[in-house]
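Novice: Here the protein sequences line up with chains A and B, keeping their order.
The first sequence runs 1 to 354 under the working numbering.
The second sequence runs 1001 to 1291 under the working numbering.
Glycine is no exception: its CB is placed at the ideal position from the N, C-alpha and C atoms.
Fair warning: this is a prediction, and the values are worked out from it, not measured in the lab.
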Amino acid sequence: MAIEIRNVEKTFGAFTALGGVSLDVRSGELLALLGPSGSGKTTLLRIIAGLDHADAGEVSFDGQDTRDRAARDRKVGFVFQHYALFRHMTVFDNVAFGLRVKKKAERPAEMDIRRRVDQLLTMVQLSHLASRYPSQLSGGQRQRVALARALAIEPKVLLLDEPFGALDAKVRKDLRKWLRHLHDDMHITSIFVTHDQEEALELADRVVVMNHGQIIQVGTPAEVYDHPADSFVFDFLGGVNRLNGVIEAGVARLDGKAVRVDGAVGADGPAVIYVRPHQVELGVAPADGVPDGKWSARVSSLHAAGPVARLELDLAGRALEAQLSRDRLSDLALEVGSWCTVDFRHARVFPAKS
Amino acid sequence: MTAAASTTATKPARRGWAFLAPTILPGFGTAFGFTLAYLCLIVLIPLGHMALRAADVGWDRFWAITLAPRVLHAFYVSFGCALAAALINAVFGLVVAWVLVRYRFPGRRIIDAMVDLPFALPTSVAGIALTAIYAPNGWIGALAKAAGFKIAFTPLGIVIALVFVGMPFIVRTVEPVLQDLDAEVEEAAASLGATRWQTFTKVLLPTILPALITGVALAFARGVGEYGSVIFIAGNIPAVSEIVPLLIVARLEQYDYAGATVIATAMMGVSFLMLLGINFLQRWTRSRHAR
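(1) Below 7 Å CB to CB, which residues in the same chain sit around leucine 120 of chain A once its five sequence neighbours on both sides are set aside?
(2) Within its chain, find whatever has a CB closer than 6 Å to the CB of alanine 1146 of chain B; leave out the 5 residues flanking it on each side and keep chain order.
(3) Is alanine 297 of chain A helix, strand or coil by DSSP?
(4) List the residues of chain A that threonine 1207 of chain B touches, going by C-beta distances under 9 Å, in chain order.
(5) Can you list, in chain order, the residues of its chain with a C-beta nearer than 8 Å to that of valine 8 of chain A? Leave out the 5 residues immediately preceding and following it.
(6) Please confirm whether leucine 30 of chain A and leucine 237 of chain A have their CB atoms less than 8 Å apart.
(7) Give the C-beta separation of glycine 213 of chain A and lysine 257 of chain A to the nearest angstrom, bearing in mind that I take them to be a contact with Cβ-Cβ under 8 Å.
(8) As a quick exercise: from A/Gly337, A/Val349, A/Phe80, A/Ile215, pick the residue whose alpha carbon is nearest that of glycine 269 of chain A.
(9) Kindly indicate which three-state DSSP category histidine 1073 of chain B falls into: helix, strand or coil?
(10) Return no unless some Cβ of chain E is closer than 8 Å to the Cβ of alanine 1188 of chain B.
(11) In three-state DSSP terms, what is tyrosine 1257 of chain B?
(12) Does the distance from the CB of serine 1229 of chain B to the CB of threonine 1123 of chain B come in under 8 Å?
(13) 8 Å is my cut-off, CB to CB: does lysine 102 of chain A come that close to chain B?
(14) For tryptophan 295 of chain A, is the classification buried or exposed, using 16 other Cβ atoms within 10 angstroms of its Cβ as the cut-off for buried?
(15) Going along chain B, which residues have a C-beta under 7 Å from isoleucine 153 of chain A?
(16) According to the neighbour-count rule (16 or more other Cβ atoms, all chains shown, within 10 Å of its Cβ), is aspartate 288 of chain A buried or exposed?
(17) Which residues, in order along the segment 1257-1286 of chain B, keep a beta-carbon less than 8 Å from a beta-carbon of chain A?
(18) Going along chain B, which residues have a C-beta under 9 Å from glycine 149 of chain A?
(19) Go ahead and label asparagine 244 of chain A buried or exposed: buried means 16 or more other beta carbons lie within 10 angstroms of its beta carbon, across all protein chains shown.
(20) So alanine 355 of chain A and arginine 67 of chain A are supposed to be a Cβ contact under 8 Å. How far apart are they, rounded?
(21) Tell me the rounded alpha-carbon separation between valine 1244 of chain B and valine 1095 of chain B.
(22) If you follow the alpha helix (DSSP H) that alanine 96 of chain A is in, where does it begin and where does it stop?
(23) Starting from the Cα of alanine 1097 of chain B, find the closest Cα among B/Ala1074, B/Gly1277, B/Thr1207, B/Pro1176 and give me that residue.
(24) Can aspartate 1182 of chain B and histidine 88 of chain A be called in contact, C-beta distance under 8 Å?
(25) Using a Cβ cut-off of 8 Å, pull out every chain B residue sitting near alanine 71 of chain A, in sequence order please.
(26) Less than 8 Å between CB atoms is the rule here; does leucine 51 of chain A satisfy it with respect to chain B?
(27) What first and last residue would you give for the beta strand (DSSP E) that runs through aspartate 343 of chain A?
(28) Once the 5 residues before and after serine 1006 of chain B are set aside, which same chain residues still bring their CB inside 8 Å of it?
(29) Using only the alpha-carbon positions, how far apart do threonine 1195 of chain B and glutamate 223 of chain A sit?
(30) Report the residue from B/Gly1193, B/Ala1264, B/Ile1158, B/Leu1041 whose alpha carbon sits nearest the alpha carbon of glycine 1235 of chain B.
(31) Determine the extent of the alpha helix (DSSP H) in which glycine 1029 of chain B is found, giving its start and end residues.
(32) Could you say if the segment 165-180 of chain A and the segment 126-140 of chain A meet the contact criterion of at least three C-beta pairs nearer than 8 Å?
(33) Quick one: complete alpha helix (DSSP H) runs, 4+ long, within the segment 207-238 of chain A?
(34) Please list the partners that valine 1203 of chain B has in chain A, where partner means a Cβ-to-Cβ separation under 7 Å.
(35) Please work out which residues of its chain come closer than 7 Å, Cβ to Cβ, to glycine 98 of chain A, disregarding the five sequence neighbours upstream and downstream, and give them in chain order.
(36) Grouping DSSP H, G and I as helix and E and B as strand, with all else coil, what is phenylalanine 1164 of chain B?
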């Protein structure tokens, strides 16, 4: 089911949670709402589910306005951050709940409910725990029960609020993969909220980056990562170096040397040059000074565990982080205290905020 | 195989002596001894002595005294009114607890404090206050009189007094459970298609039921034992609005110590059976709703 969101606004007292948000969710896609806390992403999700109401604007499902439809009539599966399982019910009864509260005319026979719940529990790999209570399950298992419960009503939309937020790193990774497979099998339009950029980029078909109640950018993970709309998106999508420079006559300069940048340069004045650690190019420092167009830096620390080495460099008093492969590191024979040349493969420049 | 054998071998031994295992706070012996001595002095010996005194009169007289119509009726009034009041409180106390937990409104702290008033007030104060209002010449009593019935000096008046003294028990036992209950759980039920009524009966009520039963049990026990507030509003008409504790006092005033002791012992027996029953009920709901 496609969802159209038009100019939705929501305030809580003096706080603007959503300031006129518009978004089209395509049928069958897995969409991530990504942003820091307080960016309005959860509020938007709750408005779609009918758990909160927009002050202005509209949300429509397949072209039908949802204003007068209460949460229980929307056929929306909602997975809560803290699972919100019914603790006095077994896993089985939790999953069966949505089927058992249906009106008598629509309610499946008890036999069919049983079959359907068994099916769902098999799908989330929990059939052996059907008679347990939620308090007897681990976090990852509870999350899967919550998911099975939401899927039991055959929702047209699946909404997940920070679905992996309360889980530890290993379980989170496994569940992420598993959710992706599940989505590929079922093709339910799904929206999940996260503040973890890695999760959003890895899992989603499209990513919506939000900040201060506004949508900043919408695009595929590659688009958003490679072509961030502004400095906020660049910053939020992962480790980044910020170097203070200037723009002079349309050229970004760092310590007087020109920096090759992607995209627009902007007006003259103080500027911030953004460069990701893996786009910092290091070279062997020549014996006779620094070649033109490059900078020189001194290695201040070095972490070489795992496939990628991380270096902290001192570039004329600025801290600069760089990432390179272990092979490259041994070619360069760098160690703490040694000098090297620095260049930037890709960088972006944005005017400095006053 | 060996592992299974060893666990079954060690388990019973461990469980049997678990209370002797070293704990963080030492002094099990002293604490346990103190508990026993304390319970004996305060509870067991006085009650046991009373039962022995009652046994002095012999079975036949014991039953004759207990089964006298006036005494039976007093039992009926005492337990019936206490039960009715506890059940009324179960509903309204739940509403009060709900309002206090779920809503933020001006004056909430004052209402919160008011709930505890029946705990703190001497019950005779409550009795006088309630009688003044509910007697036929009082505010509400006059309205009831106009409508053709009496509140004070009838079992209805007793129920009102017991509702008054029992309410805090329900509110204060249910409140923490409600506080603990996430609003998300209700939202989850709604998003799964449950109506408000279904959310209440299938999700909220089962969760708070164990606490509610505990509260009802406490309010009921308090109601059975209540004396001060009831004697004012009840009017104490034999075979109409006379409660067992009052009957005991009346016997004492007539220097009928044997009769008073017998009735007191019977009262103790019935109360004990009721508490036992409530305990079983609690265990049953707890096991059904596992944690």
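Specialist: In brief:
(1) Result list for leucine 120 of chain A: Val95, Ala148, Leu151, Ala152, in chain order.
(2) Answer for alanine 1146 of chain B: no residue qualifies.
(3) Note: alanine 297 of chain A maps to strand in three-state DSSP.
(4) Ordered by position in chain A, the residues that pass the 9 Å Cβ test against threonine 1207 of chain B are Phe86, Arg87, His88.
(5) Excluding sequence neighbours, valine 8 of chain A sits near Leu18, Gly20, Val21, Ser22, Leu44, Ile47, Ala54, Ala56, Gly57, Glu58, Val59.
(6) Contact flag unset, no.
(7) Cβ-Cβ separation between glycine 213 of chain A and lysine 257 of chain A: approximately 40 Å, too far for a contact (criterion under 8 Å).
(8) When C-alpha distances from glycine 269 of chain A are compared across A/Gly337, A/Val349, A/Phe80, A/Ile215, the shortest belongs to A/Val349.
(9) For histidine 1073 of chain B, the secondary structure class from DSSP, reduced to helix, strand or coil, is helix.
(10) The structure shown has no chain E; the protein chains it does contain are A and B.
(11) It is helical.
(12) Yes, the pair counts as a contact, with Cβ atoms nearer than the cut-off.
(13) Yes, lysine 102 of chain A lies at the interface with chain B (some Cβ there is under 8 Å from its Cβ).
(14) Answer is buried; the Cβ neighbour count reaches 16.
(15) Near isoleucine 153 of chain A (Cβ distances below 7 Å), the residues of chain B are Leu1192, Gly1193.
(16) Exposed is the call here.
(17) Against chain A - using a Cβ distance shorter than 8 Å - the segment 1257-1286 of chain B contributes no residues.
(18) It is worth fixing the name first, because residue 149 of chain A is arginine in this sequence and not glycine. Within 9 Å Cβ-Cβ: Ala1188, Leu1192.
(19) It is exposed - the Cβ of asparagine 244 of chain A has fewer than 16 other Cβ atoms within 10 Å.
(20) This structure does not reach residue 355 of chain A, given that chain A is present from 1 up to 354, and the question cannot be answered.
(21) Cα to Cα, the separation comes out at about 31 Å.
(22) Where alanine 96 of chain A is concerned, the enclosing alpha helix (DSSP H) starts and stops at 91-100.
(23) The option with the nearest alpha carbon to alanine 1097 of chain B is B/Pro1176.
(24) In this structure, aspartate 1182 of chain B sits away from histidine 88 of chain A, with a CB-CB distance that is not shorter than 8 Å.
(25) What alanine 71 of chain A touches in chain B: Glu1187, Ala1190, Ser1191.
(26) Yes, because at least one Cβ of chain B sits closer than 8 Å to the Cβ of leucine 51 of chain A.
(27) Its beta strand (DSSP E) spans residues 339-344.
(28) Confidence at serine 1006 of chain B is low in this model, with a pLDDT of 41, below 50, so its placement is unreliable and the value that follows should be read with caution. So no residue of the chain qualifies.
(29) Roughly 43 Å separates the two Cα atoms.
(30) Cα-wise, what sits closest to glycine 1235 of chain B is B/Ile1158.
(31) First-last of the alpha helix (DSSP H) with glycine 1029 of chain B: 1028-1039.
(32) In this structure the segment 165-180 of chain A lies against the segment 126-140 of chain A, because at least three pairs of beta carbons, one per stretch, are closer than 8 Å.
(33) If we require 4 residues or more, the alpha helix (DSSP H) runs fully inside the segment 207-238 of chain A come out as 221-226, 231-236.
(34) Contacts between valine 1203 of chain B and chain A, judged by CB atoms closer than 7 Å, involve Phe86 in chain order.
(35) So the qualifying residues of the chain are Arg149, Ala152, Ile153.
(36) If DSSP states are grouped into helix, strand and coil, phenylalanine 1164 of chain B belongs with the helices.
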